[in-house]
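Quick note, the sequence shown lines up with residues 1 to 386 if you use UniProt numbering.
In this text, a Cβ means the ideal position worked out from N, Cα and C, and glycines have one as well.
Note that this is a predicted model, so its numbers are computed, not measured.
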Amino acid sequence: MAYQTVKSFYKNKNIFLTGGSGFVGISYIEKVLRSIPDIGSIYIILRPRKGQSIQERLEILKNNSVFDKLKTDDGFDVLINKIKPVCGDISEEKLGLSDEDYKMLCENVNIVVHCAATLDFETDLKTAVIINLMGTKRIVELCKQIKNLQCLLHVSSAYVNSNKKYAMEKIYDAPANYNDIINYVQTMDADKLNDATEKILGDHINTYTFTKALAEHVVNDARNTIPTCIVRPSMIVAAWKEPIEGWTISKNGPQGFIMGASKGVVRRLPVNQSLIYDYIPVDVVINTIIASTWFSAQFPNNAPIVDGQTPVFHCTTSTCNPFHWKAVKPVLSNTLHSFPIRGAVWYPNIKFLPNLYMYWISSAIFHFIPGYILDFVTKISGGRPM
Numbered sequence: 001m002a003y004q005t006v007k008s009f010y011k012n013k014n015i016f017l018t019g020g021s022g023f024v025g026i027s028y029i030e031k032v033l034r035s036i037p038d039i040g041s042i043y044i045i046l047r048p049r050k051g052q053s054i055q056e057r058l059e060i061l062k063n064n065s066v067f068d069k070l071k072t073d074d075g076f077d078v079l080i081n082k083i084k085p086v087c088g089d090i091s092e093e094k095l096g097l098s099d100e101d102y103k104m105l106c107e108n109v110n111i112v113v114h115c116a117a118t119l120d121f122e123t124d125l126k127t128a129v130i131i132n133l134m135g136t137k138r139i140v141e142l143c144k145q146i147k148n149l150q151c152l153l154h155v156s157s158a159y160v161n162s163n164k165k166y167a168m169e170k171i172y173d174a175p176a177n178y179n180d181i182i183n184y185v186q187t188m189d190a191d192k193l194n195d196a197t198e199k200i201l202g203d204h205i206n207t208y209t210f211t212k213a214l215a216e217h218v219v220n221d222a223r224n225t226i227p228t229c230i231v232r233p234s235m236i237v238a239a240w241k242e243p244i245e246g247w248t249i250s251k252n253g254p255q256g257f258i259m260g261a262s263k264g265v266v267r268r269l270p271v272n273q274s275l276i277y278d279y280i281p282v283d284v285v286i287n288t289i290i291a292s293t294w295f296s297a298q299f300p301n302n303a304p305i306v307d308g309q310t311p312v313f314h315c316t317t318s319t320c321n322p323f324h325w326k327a328v329k330p331v332l333s334n335t336l337h338s339f340p341i342r343g344a345v346w347y348p349n350i351k352f353l354p355n356l357y358m359y360w361i362s363s364a365i366f367h368f369i370p371g372y373i374l375d376f377v378t379k380i381s382g383g384r385p386m
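So, in structure tokens, the structure goes:
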């Protein structure tokens, strides 16, 4: 059997992408359009938000600076118009799609990339279940009706198994029965559910890792019906090389504290510097998603399958190419001082403190007290406190 190259495999393929307006989603769109111009259509699910229609949100997406490199191409207008919005919401039944759009996707789509998720580690269990778990289940239900599906790629997280010391490229036992958890969310009183959350989570640190772990089992349970694979990235940070070095729109994870540190607002972090800072640039994640989809569809018998499970691909630095927190501080300090930003409220000076008690004392001195003073001054001068 003759196998196709990545470009030839994707030629004229139609992709359905969730989370298309997010950091990973928009990076994926840019990379596919730039590197695989013969792609068919990229359908992205959008919902009206903050008074904006899906067409208005699409125009905002198209004008993102991530496409600046692509705009130099003579065929930019043709490429950018391959992005097709469909009105929907993964938190609703049938993804909130109209019957017409649902049927259209079933007739035309070849590849599904499921990126959408709530990344809020503090979100309540019900919200996390509705988006991360039930949303994934609805995607799987759609995929089962797609006539020419070649792969469903589910973007998970390297931290779904953060309750274990080591995690291999396999799916571990579920922390609970996902159907039971869905039933709890749908039937249990909100206050009772919140009270029971800690017990339900077990040894998972938050609702995010718990629901993302369960979502993997939803995908895995469909493996004999539809072609599936899972990619587990670690902390996703700004672009390494593509399309623009350092590009990001995300304020989650490391980028959040770096932005805060650059303004002089974040000055202390509770960090053990001997630990691994497991970050991965977004362009590496995107290349992994594209290649994993191709590999799983082209070489289903050669994928890293464990006990007949869905193929799992880690996208991490981990122990193979570790970068420790002790290496972060000198690089970060040098960068913040060499390239100061406008709008800084204090001279940047960040320190990592491994002792939590010392962190809280230091944080009170360098975070809370200055914050209250700044708010007070802002308020009496007629401004709006933060």
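Where DSSP assigns a beta bridge to residue i, which residues make up the other side?
{"i": "Arg268", "result": "Lys351"}
{"i": "residue 387", "result": "Examination of residue 387 is not possible in this model, given that the chain is present from 1 through 386 alone."}
{"i": "Thr316", "result": "Paired residues: none, contrary to the question."}
{"i": "residue 398", "result": "There is no way to answer for residue 398, as the model of the chain reaches only from 1 to 386."}
{"i": "His324", "result": "Ile276"}
Using only CA atoms, which one of the options lies nearest to residue i?
{"i": "Arg49", "options": "Gly308, Lys82, Gly88", "result": "Gly88"}
{"i": "Tyr357", "options": "Ala291, Leu105, Leu269", "result": "Leu269"}
{"i": "Thr5", "options": "Ala291, Glu122, Trp240", "result": "Ala291"}
{"i": "residue 398", "options": "Ile44, Ala297, Ile369, Ile45", "result": "It is not possible to answer for residue 398, since the shown part of the chain is limited to 1 through 386."}
{"i": "Tyr166", "options": "Thr316, Ser362, Lys379", "result": "Thr316"}
{"i": "Ala213", "options": "Ala128, Glu122, Ile236", "result": "Ala128"}
{"i": "Ala239", "options": "Thr248, Pro233, Gly343", "result": "Thr248"}
{"i": "Asn252", "options": "Thr118, Ala158, His154", "result": "Thr118"}
{"i": "Val140", "options": "Phe16, Lys164, Lys199", "result": "Phe16"}
{"i": "Ala176", "options": "Leu152, Val312, Ala215, Ala297", "result": "Ala215"}
{"i": "Ile182", "options": "Ile54, Ile200, Leu46", "result": "Ile200"}
{"i": "Asn110", "options": "Leu142, Gly135, Arg138", "result": "Leu142"}
{"i": "Lys62", "options": "Leu353, Thr225, Ser21", "result": "Ser21"}
{"i": "Phe366", "options": "Val377, Pro348, Phe376, Pro354", "result": "Pro348"}
{"i": "Gln255", "options": "Leu70, Leu332, Thr288, Asp180", "result": "Leu332"}
{"i": "Pro322", "options": "Asp278, Arg342, Asn108", "result": "Asp278"}
{"i": "Ile341", "options": "Gly260, Asp307, Leu95", "result": "Gly260"}
{"i": "Ile204", "options": "Asn163, Ala174, Lys170, Thr197", "result": "The identity of residue 204 in the sequence shown is His, whereas the question assumes Ile. Here the closest residue by C-alpha is Asn163."}
{"i": "Lys137", "options": "His114, Phe121, Ala158", "result": "His114"}
{"i": "Lys351", "options": "Leu336, Ala344, Val345", "result": "Leu336"}
{"i": "Val312", "options": "Ser250, Thr288, Glu169", "result": "Glu169"}
{"i": "Asp77", "options": "Leu353, Leu33, Ser250", "result": "Leu33"}
{"i": "Lys82", "options": "Pro233, Lys11, Val271", "result": "Lys11"}
{"i": "Leu46", "options": "Gly25, His314, Pro354", "result": "Gly25"}
{"i": "Asp101", "options": "Glu30, Glu56, Tyr43, Asn64", "result": "Tyr43"}
Between the C-alpha atoms of residue i and residue j, what's the straight-line distance to the nearest angstrom?
{"i": "Asn161", "j": "Leu58", "result": "35 Å"}
{"i": "Ile80", "j": "Val265", "result": "38 Å"}
{"i": "Ile131", "j": "Ser381", "result": "42 Å"}
{"i": "Glu104", "j": "Tyr359", "result": "The identity of residue 104 in the sequence shown is Met, whereas the question assumes Glu. Distance between the alpha carbons of Met104 and Tyr359: 54 Å."}
{"i": "Asn334", "j": "Lys241", "result": "21 Å"}
{"i": "Ala116", "j": "Thr18", "result": "5 Å"}
{"i": "Asp38", "j": "Lys13", "result": "8 Å"}
{"i": "Thr319", "j": "Met235", "result": "15 Å"}
{"i": "Tyr172", "j": "Trp325", "result": "28 Å"}
{"i": "Asp195", "j": "Asp124", "result": "11 Å"}
{"i": "Tyr178", "j": "Glu245", "result": "40 Å"}
{"i": "Ser274", "j": "Lys329", "result": "12 Å"}
{"i": "Gln52", "j": "Ala327", "result": "43 Å"}
{"i": "Leu133", "j": "Leu153", "result": "15 Å"}
{"i": "Ser363", "j": "Gln150", "result": "51 Å"}
{"i": "Ala190", "j": "Asp180", "result": "16 Å"}
{"i": "Ser338", "j": "Ile258", "result": "14 Å"}
{"i": "Tyr159", "j": "Ile54", "result": "32 Å"}
{"i": "Phe210", "j": "Gly202", "result": "9 Å"}
With H, G and I counted as helix, E and B as strand and the rest as coil, what does DSSP make of residue i?
{"i": "Phe16", "result": "strand"}
{"i": "Gln298", "result": "helix"}
{"i": "Pro281", "result": "strand"}
{"i": "Val237", "result": "strand"}
{"i": "His204", "result": "coil"}
{"i": "Gln255", "result": "helix"}
{"i": "Gln52", "result": "strand"}
{"i": "Pro370", "result": "helix"}
{"i": "Gly343", "result": "coil"}
{"i": "Phe376", "result": "helix"}
{"i": "Ile244", "result": "coil"}
{"i": "Ala222", "result": "coil"}
{"i": "Leu119", "result": "coil"}
{"i": "Glu107", "result": "helix"}
{"i": "Asn81", "result": "coil"}
{"i": "Ser362", "result": "helix"}
{"i": "Pro37", "result": "coil"}
{"i": "Glu308", "result": "Note that residue 308 is Gly in the sequence shown here, rather than Glu. In the structure shown, Gly308 sits in coil (DSSP, three-state: anything other than H, G, I, E or B)."}
{"i": "Asp74", "result": "coil"}
{"i": "Lys338", "result": "The sequence given here has Ser at residue 338, not Lys. Helix."}
{"i": "Ile131", "result": "helix"}
Say yes only if the C-beta of residue i is nearer than 8 Å to one or more non-hydrogen atoms of the ligand NAP, and no if none qualify.
{"i": "Thr310", "result": "The ligand NAP is not part of the structure shown, which contains no ligands of any sort."}
From the beta carbon of residue i, is the nearest beta carbon of chain D less than 9 Å away?
{"i": "Lys144", "result": "Protein chain content of the structure displayed is limited to a single chain, and chain D is not contained in it."}
Going along the chain, which unbroken runs of the beta strand (DSSP E) with 3 or more residues stay wholly within the segment 157 to 196? none
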